[in-house]
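In this text, residue positions in the sequence shown follow my numbering: the first is 27, and each later residue adds one.
Some notes on the structure that comes next.
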Amino acid sequence: MATAGNIVDGAFKLCGVLVPTSTERTSALTTLNDLLALWSAERLLVYFVVEEPFTLVVGTNVYTIGSAGTFNTVRPAKITAA
């Protein structure tokens, strides 16, 4: 998964800046954080993919996912495979 630093470094490379100064990198990280905060304020979502392994129990037919579920984790927006 890409980190904020990876995203910033990729943006600099697209702009032709191969080695940004520490001030430029800090400024770019601040700008990225500001952009994400703006999207959050406008209720826009930034999706990400997470793989979480869960142990299945023989004889259990129904599982629930969520903060009080069989699998205690953040409720996913989408499950692509089980």
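For each residue, glycine too, the CB sits at the ideal point set by N, CA and C.
Quick check: does the Cβ of Ser-93 come within less than 7 Å of any heavy atom belonging to the ligand COA?
Although the ligand COA was asked about, the structure shown includes no ligands whatsoever.
Would you call the stretch 89 to 97 in contact with the stretch 64 to 75, where contact means no fewer than 3 C-beta pairs closer than 8 Å?
No: fewer than three Cβ pairs fall under 8 Å.
For Ala-107, which option in Tyr-89, Glu-77, Ala-28 and Thr-90 has the closest C-alpha, if you only look at C-alpha atoms?
Here residue 107 corresponds to residue number 81 of the sequence shown, with the count starting at 1. The candidate whose alpha carbon is nearest that of Ala-107 is Glu-77.
For Thr-56, tell me which candidate among Ile-33, Val-43 and Asn-87 has the shortest Cα-Cα distance.
Position 30 of the sequence shown, counted from the first residue, corresponds to residue 56. Nearest option by C-alpha distance: Ile-33.
Going by alpha carbons, who is nearest to Tyr-73 out of Pro-102, Thr-47, Pro-46 and Leu-58?
Against the sequence shown, residue 73 aligns to sequence position 47. Among Pro-102, Thr-47, Pro-46 and Leu-58, the Cα nearest to that of Tyr-73 belongs to Pro-102.
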